[in-house]
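Novice: Numbering (this note's numbering), first residue to last: 386 to 485.
One structure, as structure tokens, below. Some questions next.
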């Protein structure tokens, strides 16, 4: 997976071909992305100030978290899939309960 601007792209690791492309944001670039340890979900964050949880295989949004006052620079799903941590461009750090 890779983010370019507003888009999220899935790539085939064998031949490097593009598998899928999603609209990741309507309001700004995606600056952080992480995949859950079980591979079922991924999380994005960026200029739109939202932490977004997606189903990996379907490419569908399951949850949106709002709480940052500015853009989001990084997101990380904890290995135990209990928490998501996001870091804002203003230096703020927020912890979110991972939705199950």
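C-beta: ideal position from N, C-alpha, C; glycine also.
Is the distance from the Cβ of residue 471 to the Cβ of residue 453 below 8 Å?
Specialist: Cβ atoms of residue 471 and residue 453: closer than 8 Å.
Novice: Is it true that the CB of residue 460 sits closer than 8 Å to the CB of residue 430?
Specialist: A contact, by the Cβ cut-off of 8 Å.
Novice: Nearest to residue 476 by CA position, among 406, 458, 482, 485, is which residue?
Specialist: 458
Novice: DSSP puts residue 403 in a beta bridge; with which residues?
Specialist: 396
Novice: In the structure shown, what three-state DSSP assignment does residue 416 receive?
Specialist: strand
Novice: By how many angstroms is the C-alpha of residue 433 removed from the C-alpha of residue 400?
Specialist: Straight-line Cα distance between these residues: approximately 33 Å.
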